[in-house]
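Only one structure is covered here, and it is reproduced in the block below.
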Amino acid sequence: DAKVFINKISDLSVTQTTTYNRFEINKMLSYFINVKNIGPSNSSGVFLYVVPAPSVIFKDIVLSQGYFLLKKECIICHLGNINTADKVKITLKVTTKEKCSLINSVFVIGNEFDPNKENNADFLESSYRSNLSCDIYKLVVIIILLYILYKVHSRRDK
Numbered sequence: 308d309a310k311v312f313i314n315k316i317s318d319l320s321v322t323q324t325t326t327y328n329r330f331e332i333n334k335m336l337s338y339f340i341n342v343k344n345i346g347p348s349n350s351s352g353v354f355l356y357v358v359p360a361p362s363v364i365f366k367d368i369v370l371s372q373g374y375f376l377l378k379k380e381c382i383i384c385h386l387g388n389i390n391t392a393d394k395v396k397i398t399l400k401v402t403t404k405e406k407c408s409l410i411n412s413v414f415v416i417g418n419e420f421d422p423n424k425e426n427n428a429d430f431l432e433s434s435y436r437s438n439l440s441c442d443i444y445k446l447v448v449i450i451i452l453l454y455i456l457y458k459v460h461s462r463r464d465k
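Using our numbering, the first residue of the sequence shown is number 308, and each one after it goes up by one.
Structure follows, in structure tokens:
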């Protein structure tokens with residue numbers, strides 16, 4: 308008897324916008340993050356990883372579903388299951404503590420095969436000015452996201 312495995316396909320996407328309009332130190336800044344399941348299948352075990360700029364102070368995060376864990380380098384949001392065409396809304400609130408480019412990075416992943424990985428990450432930069440510490444931060448964010456991908460895929464291969 309041959310066994311047939313059916314792989315579910317679920318295209319998750321993530322986008323974000325901000326209230327940023329003029330840079331001021333100690334000003335509240337909100338990021339509005341949307342995770343959508345484009346389909347065709349429902350998505351399970353959805354996680355959103357948020358890597359805020361080091362030049363901000365975390366204040367609050369509100370999720371329309373799920374829960375979050377605050378880690379040193381990122382915020383891990385367990386969003387659970389997302390049905391086809393449904394969206395989960397996340398609002399992240401931070402305050403700025405120094406004059407630097409603000410880069411908020413987000414990455415989403417679920418249990419199902421995702422045929423379009425190009426819409427799984429979003430980097431939103433609100434530039435004040437570019438300096439070496441901001442450029443180094445951009446590199447660190449990429450390394451962190453690559454590490455997260457490695458850990459997620461190595462967990463699935465077991």
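Just so it is clear, CB atoms sit at the ideal spot from N, CA and C, and this is done for glycine as well.
Item: Pick from K424, I410, G417, C381 that is closest to I389, judged by C-alpha positions; Value: G417
Item: Cβ pair P347, I316 closer than 8 angstroms; Value: yes
Item: Bounding residues of the beta strand (DSSP E) (the contiguous stretch that carries S351); Value: 350 to 358
Item: contact_flag[the region 368 to 375, the region 397 to 404] where n(CB pairs < 8 angstroms) is 3 or more; Value: yes
Item: Backbone CA spacing between V447 and P361 [nearest angstrom]; Value: 11 angstroms
Item: Enclosing beta strand (DSSP E) for P361 [first to last residue]; Value: No beta strand (DSSP E) holds P361; DSSP gives it neither H nor E.
Item: Continuous beta strand (DSSP E) stretch holding S371: start and end; Value: First-last for S371: undefined, no H or E at that position.
Item: A392 versus E331: straight-line alpha-carbon distance, rounded; Value: 37 angstroms
Item: Three-way DSSP call (helix, strand, coil) for I450 in this model; Value: helix
Item: Three-state secondary structure assigned by DSSP to I332; Value: coil
Item: Whether I368 touches T402 by CB criterion (8 angstroms); Value: no
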